[in-house]
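In my numbering, the protein residues as written are 3 to 156.
Right, here's the structure in full:
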């Protein structure tokens, strides 16, 4: 389980090695994404609080990167933070997320990106629930949910 100490270490030294790398030109990303997805993931934008479609979604499934489909989070670690963005306590795998120190807007934060394609996802904060104490605050536009299907087969 990742802790705030791990996050700070990754953001100041070396991030985990991703399972794969996906690289495209800005033109290729622009052709694949909606204008809002492109603004958020490739230009480091933010959606308005409480506006994202995944903010109040509680369906079972896996959340993957909208750009490269890399699995990022599982619905079992999603929680209501009241922040206005989907919030998670841990990534699906330690190497799914990349961490960068962010000093924009006159504050120090830790930006989270898809470790496979460098898509901006949001930020992580040390004010989440136990046991990790982490709150990954993620833009809905940067993810898609792959819903788990319930099979009735015997």
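Just so you know, even glycine gets a beta-carbon here, dropped at the ideal spot from N, CA and C.
Residue range of the alpha helix (DSSP H) that includes residue i
i	result
residue 28	28-34
residue 107	From DSSP, residue 107 is part of no alpha helix (DSSP H); its letter is neither H nor E.
residue 41	37-45
Cβ neighbour criterion (16 or more within 10 Å) applied to residue i
i	result
residue 33	exposed
residue 37	exposed
residue 137	buried
residue 80	buried
residue 107	exposed
residue 50	exposed
residue 3	exposed
residue 68	buried
residue 72	buried
residue 109	exposed
Pairwise C-alpha distance: residue j and residue i
i	j	result
residue 18	residue 30	26 Å
residue 120	residue 100	8 Å
residue 94	residue 75	5 Å
residue 90	residue 65	10 Å
residue 154	residue 14	In this prediction, residue 154 has a pLDDT of 45, which is less than 50 and means its spatial position is unreliable; nothing more can be read from the coordinates.
residue 77	residue 27	31 Å
residue 44	residue 132	32 Å
residue 53	residue 20	30 Å
residue 84	residue 141	14 Å
Rounded Cβ spacing between residue i and residue j (contact assumed at less than 8 Å)
i	j	result
residue 134	residue 92	6 Å
Per DSSP, the bridge partner or partners of residue i
i	result
residue 145	67
residue 9	The partner list for residue 9 (beta bridge, DSSP) is empty, contrary to what the question assumes.
residue 89	81 and 139
residue 94	In the DSSP output, where bridge partners are listed per residue, residue 94 has none listed.
residue 113	102 and 125
residue 20	Looking at the DSSP assignment, residue 20 forms no beta bridge with any residue, so it has no partner.
N-terminal and C-terminal residue of the beta strand (DSSP E) that residue i is part of
i	result
residue 124	122-127
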